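Quick notes on the structure that follows.
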Amino acid sequence: MRWNDRIGRRIKLSDLHVLIAVAQTGSMAKAAAQLAVSHPVISRSISDLEHTLGVRLLERNPRGVEVTASGRAILARSHAAFDELRQGVRDIEFLSDPTVGEVRIGTTPPLAASFVFTVIDRLSRHYPGIVFRIVAEGANQAAQRQNLNERVVDLLIFRKESRIVDDQASFEFLFKSPYVVAAGSNNPWTKRRKIALAELIDEKWTMPAPDDAFGSFVTEAFRAGGLDYPRATVATSALEIRANLLRTGRYLSIIPEFWLQLPGPHPFIRKLAVDLPVTGAPIGIVTLKNRRPSPVAQLFIDCAREVARPLAKKNA
Numbered sequence: 663m664r665w666n667d668r669i670g671r672r673i674k675l676s677d678l679h680v681l682i683a684v685a686q687t688g689s690m691a692k693a694a695a696q697l698a699v700s701h702p703v704i705s706r707s708i709s710d711l712e713h714t715l716g717v718r719l720l721e722r723n724p725r726g727v728e729v730t731a732s733g734r735a736i737l738a739r740s741h742a743a744f745d746e747l748r749q750g751v752r753d754i755e756f757l758s759d760p761t762v763g764e765v766r767i768g769t770t771p772p773l774a775a776s777f778v779f780t781v782i783d784r785l786s787r788h789y790p791g792i793v794f795r796i797v798a799e800g801a802n803q804a805a806q807r808q809n810l811n812e813r814v815v816d817l818l819i820f821r822k823e824s825r826i827v828d829d830q831a832s833f834e835f836l837f838k839s840p841y842v843v844a845a846g847s848n849n850p851w852t853k854r855r856k857i858a859l860a861e862l863i864d865e866k867w868t869m870p871a872p873d874d875a876f877g878s879f880v881t882e883a884f885r886a887g888g889l890d891y892p893r894a895t896v897a898t899s900a901l902e903i904r905a906n907l908l909r910t911g912r913y914l915s916i917i918p919e920f921w922l923q924l925p926g927p928h929p930f931i932r933k934l935a936v937d938l939p940v941t942g943a944p945i946g947i948v949t950l951k952n953r954r955p956s957p958v959a960q961l962f963i964d965c966a967r968e969v970a971r972p973l974a975k976k977n978a
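In terms of the numbering used here, the sequence shown is residues 663 to 978.
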């Protein structure tokens, strides 16, 4: 049976919208409340969709519903279909007025506060009508990749890591940025021209916990130098807190160098003359393959390349 006869004229975007809501909420009742419709409307939409496709999309259980393998397959395409429609509307808006639109960026808090901020600042001066939505807080690598898969964000600014980049995503290199040992500008260690990491092991450190995602990288750095993880006087992954502690001149920490460089040289924190025995992965733009960026997202990408160019030359 041809597509038009079997599915093309029978499958409804409204039914796909209902399926997405049920999958996100895990319950038909919650989906009904979210969409402001009755429970029978939700049930009928799912039933019609299952009848049209000839497969079960949901398994009912006492706790709600669970998406089947067939359901996950159609959900993935549904996200893409709705995303393409949204992109089409944005393209039309951009054609009407190239100075407006929205771009959604997934990244990390340090990159958001430095590199992404610099791109936004530069781009918004030329296109003041663009809306920027940043997803950075509380989203780990897996969550950020899921956001990209589900089109919650248009692109990621991230280090090249296996949980972020795979055969479904493209990575465009922007720049390399090592991790450095940092201290407040009034810390005595800033006057030394060369320091061995072992000399700093008994200093006051503010670090993430060793089992934190970044803490594991720091652990590797110290182990590569034949050292144990230093005792952190203040254990936190929040870079803002660590930065304020560094400003006192009494603490040391390990931070990404780009955070000291953007949007300009940091006024209160300096990197120490310490060679860490490990380096971080390169930073770049992650997008889904076979998904064309919206015009506004492309403007952001072009501006990101410009901002990254001097950093790429410096750390080449």
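For each residue, glycine too, the CB sits at the ideal point set by N, CA and C. Being a predicted model, the structure only gives us computed values, none of them experimental.
Cβ-based neighbour list, residue i, same chain, cut-off 6 Å, excluding 5 preceding and 5 following
i, result
"P892", "I863 and W867"
"A683", "A693, Q696 and L697"
"D874", "S899"
"K856", "A935"
"I673", "T714"
"A887", "Correcting the residue type first, residue 887 is Gly in the shown sequence and not Ala. Within the same chain, G887 has close Cβ partners L859 and P939."
Neighbour-count burial assignment, residue i, 16 or more Cβ in a 10 Å radius
i, result
"M663", "Since pLDDT at M663 reaches only 43, below the 50 mark, its modelled position is unreliable, and no value is offered."
"S776", "buried"
"K976", "exposed"
"F833", "buried"
"G846", "buried"
"P918", "buried"
"V793", "exposed"
"S676", "exposed"
"G791", "exposed"
"R932", "buried"
"F930", "exposed"
"L908", "buried"
"Q686", "exposed"
"A844", "buried"
"A970", "buried"
"I963", "buried"
"G942", "buried"
"A905", "buried"
"R807", "buried"
"I903", "exposed"
"H649", "Nothing can be reported for residue 649: it is not among the residues displayed for the chain, which extend from 663 to 978."
"A966", "buried"
Strand pairing of residue i, partner residues [DSSP]
i, result
"I857", "V936"
"Y841", "P918"
"N802", "Paired residues: none, contrary to the question."
"R722", "V727"
"G768", "V797 and L818"
"I945", "R821 and F837"
"L950", "A831"
"A886", "According to DSSP, which records beta bridges pairwise, A886 is partnered with nothing at all."
"I931", "G846"
"M869", "A897"
"I993", "One cannot answer for residue 993 here, as it falls past the ends of the chain, which runs 663 to 978."
Under 8 Å between C-beta atoms of residue i and residue j
i, j, result
"G750", "F835", "no"
"R825", "A804", "yes"
"T770", "I796", "no"
"F837", "L961", "no"
"L938", "P840", "yes"
"S707", "V680", "yes"
"R748", "P944", "no"
"V940", "A894", "no"
"A860", "L889", "yes"
Same chain, Cβ closer than 7 Å to residue i, five either side skipped, listed in chain order
i, result
"V727", "V684, G688, S689, M690, L720 and E721"
"T730", "R718, L719, L720 and E721"
"E755", "V762 and G763"
"K852", "Before going further, note that residue 852 is Thr rather than Lys in the sequence given. Closer than 7 Å at Cβ, skipping near neighbours: A845, R932 and L934."
"S705", "M690"
"V778", "I767, T769, I796 and I819"
"E823", "Q803 and A943"
"D753", "S956 and P957"
"R725", "none"
"V815", "R766, I767, G768, V797 and N809"
Proximal residues to residue i (C-beta, below 8 Å), its chain only, five neighbours per side dropped
i, result
"L678", "L711, I736, S740, A743 and F744"
"L810", "G768, L817, L818, A831, V948, T949 and L950"
"P1042", "The shown model of the chain, from 663 to 978, leaves out residue 1042, and the question about it has no answer."
"W665", "Bear in mind that a pLDDT of 48 at W665, under 50, signals an unreliable position, so the number given afterwards is only what the model happens to contain. None."
"N802", "A875"
"S700", "A694"
"L914", "V843, A844, A845, N849, W851, L862, E865, K866, W867, T868, L908 and L934"
"S786", "I792 and F794"
"P872", "S878, V880, T881 and Y891"
"R854", "L934 and A935"
Proximity test, residue i beta-carbon vs the ligand GDP heavy atom, cut-off 7 Å
i, result
"R971", "For the structure depicted, the ligand GDP is absent and the ligand set is empty, with no information on it obtainable."
- Taking one C-beta from the stretch 952 to 966 and one from the stretch 764 to 778 each time, how about it: are there three or more such pairs within less than 8 Å? yes
- Touching or not, the stretch 773 to 793 and the stretch 878 to 887, by the rule of three or more beta carbon pairs under 8 Å? no
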